[in-house]
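Residue numbers (the numbering used here): 11 to 313.
Here a beta-carbon is modelled for each residue, glycine too, at the ideal position from N, C-alpha and C.
From a predicted model like this one, the values you see are computed outputs, not experimental measurements.
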């Protein structure tokens, strides 16, 4: 992102403060406090847009207040309240698809475990989007995107930003460009590569009416958009009987399943593109299903 994103962030913030003043009739002191607290937040964001954030980013910001600035829990709680209010407004106005600050734990509270899909749920979602000979071109493309979401753990914006040349099927690697244009190399599994190859051979040539280099195209030949991806993931997941799923659910599941399988947290941090391991550490909390399984297998009176 550039200075344009910083200017847009400030404009969103001013619209929010105007809304609080005109619609909520908040006092001048409260508005001034919200402005100061979000000044700190926007300064931390720098040139990153508020539209490209996730819950982990907000958690990293809160961690910086505790470790970098040493602010008291009460001060951090007040700042989080302002950030939450701001993001709630952005979601309500349609600026962002989801409220990324809503699940961030208040200082002093245990951080909530991001919702991860079970392996069975992931499988059900993938299989509910066919890519056989009877499948439509859209279904074949969508299956490839779903497989890539789970195989790479990339943000949906990162996958949609890929060009064809960013994927190396021979080495089974993909070059992902994350926040701040930082590049990372992520392995891709065979099921995802197979689905991607099927899309590249059967679908992409039919969609590529404009000579685009983009990997994932819409039917008009343009780069597939984030809202289309969000809608697709939600629709396919509901068809599979799994509610409340977003593209980010696959990222959460990717990290959780790797750690539960014994992967080193620093490796997972690198794969996710987290600049701070604190953001990754939330996935080290044992999931309820994993706890239940371990208890059932180990406790002498579990059955």
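Are the Cβ atoms of residue i and residue j separated by less than 8 angstroms?
{"i": "residue 162", "j": "residue 195", "result": "no"}
{"i": "residue 252", "j": "residue 134", "result": "yes"}
{"i": "residue 2", "j": "residue 100", "result": "As displayed, the chain neither begins before 11 nor continues past 313, which places residue 2 out of reach and without an answer."}
{"i": "residue 231", "j": "residue 249", "result": "no"}
{"i": "residue 57", "j": "residue 15", "result": "yes"}
{"i": "residue 41", "j": "residue 30", "result": "yes"}
{"i": "residue 158", "j": "residue 202", "result": "yes"}
{"i": "residue 283", "j": "residue 184", "result": "no"}
{"i": "residue 139", "j": "residue 127", "result": "no"}
{"i": "residue 243", "j": "residue 256", "result": "yes"}
{"i": "residue 239", "j": "residue 147", "result": "no"}
{"i": "residue 275", "j": "residue 269", "result": "yes"}
{"i": "residue 61", "j": "residue 110", "result": "no"}
Nearest to residue i by alpha carbon, out of the options?
{"i": "residue 177", "options": "219, 225, 136, 193", "result": "225"}
{"i": "residue 323", "options": "58, 306, 25, 291", "result": "It is not possible to answer for residue 323, since the shown part of the chain is limited to 11 through 313."}
{"i": "residue 286", "options": "67, 152, 114, 193", "result": "67"}
{"i": "residue 154", "options": "40, 127, 55, 211", "result": "211"}
{"i": "residue 143", "options": "129, 254, 213, 109", "result": "213"}
{"i": "residue 112", "options": "262, 93, 281", "result": "93"}
{"i": "residue 266", "options": "62, 33, 160", "result": "160"}
{"i": "residue 179", "options": "61, 193, 97, 206", "result": "206"}
{"i": "residue 63", "options": "118, 240, 97, 209", "result": "97"}
{"i": "residue 116", "options": "95, 88, 280", "result": "88"}
{"i": "residue 95", "options": "80, 114, 259, 81", "result": "114"}
{"i": "residue 132", "options": "146, 279, 273, 259", "result": "259"}
{"i": "residue 50", "options": "74, 188, 152, 204", "result": "74"}
{"i": "residue 208", "options": "174, 233, 181, 141", "result": "141"}
{"i": "residue 152", "options": "228, 17, 270, 291", "result": "228"}
{"i": "residue 48", "options": "78, 85, 77", "result": "85"}
{"i": "residue 18", "options": "59, 271, 289", "result": "59"}
{"i": "residue 125", "options": "279, 271, 254", "result": "254"}
With respect to the alpha helix (DSSP H) encompassing residue i, which residues constitute its N-terminal and C-terminal limits?
{"i": "residue 270", "result": "257 to 270"}
{"i": "residue 210", "result": "200 to 212"}
{"i": "residue 129", "result": "129 to 137"}
{"i": "residue 157", "result": "147 to 162"}
{"i": "residue 86", "result": "83 to 102"}
{"i": "residue 40", "result": "38 to 55"}
{"i": "residue 170", "result": "166 to 170"}
{"i": "residue 240", "result": "236 to 249"}
{"i": "residue 67", "result": "65 to 73"}
{"i": "residue 106", "result": "No alpha helix (DSSP H) contains residue 106, which DSSP labels as neither H nor E."}
{"i": "residue 290", "result": "287 to 291"}
With residue i as the anchor, note down where its beta strand (DSSP E) starts and where it stops.
{"i": "residue 278", "result": "Taken as a continuous stretch (DSSP letters only), residue 278 belongs to no beta strand (DSSP E), being part of the alpha helix (DSSP H) at 275 to 282."}
{"i": "residue 193", "result": "193 to 197"}
{"i": "residue 184", "result": "183 to 187"}
Drop a sphere of 10 angstroms on the beta-carbon of residue i, count the other beta-carbons inside from all chains shown, and report buried for 16 or more, exposed for fewer.
{"i": "residue 293", "result": "buried"}
{"i": "residue 69", "result": "buried"}
{"i": "residue 237", "result": "exposed"}
{"i": "residue 263", "result": "buried"}
{"i": "residue 305", "result": "exposed"}
{"i": "residue 241", "result": "exposed"}
{"i": "residue 32", "result": "exposed"}
{"i": "residue 164", "result": "buried"}
{"i": "residue 34", "result": "exposed"}
{"i": "residue 302", "result": "exposed"}
{"i": "residue 28", "result": "exposed"}
{"i": "residue 261", "result": "buried"}
CB of residue i to nearest heavy atom of the ligand GDP: below 7 angstroms?
{"i": "residue 193", "result": "The ligand GDP is absent from the structure shown, which contains no ligands of any kind."}
If we count Cβ pairs, one from each stretch, closer than 8 angstroms, do we get three or more for the segment 154 to 174 versus the segment 101 to 113?
The segment 154 to 174 makes no contact with the segment 101 to 113: fewer than 3 CB pairs, one atom from each, lie closer than 8 angstroms.
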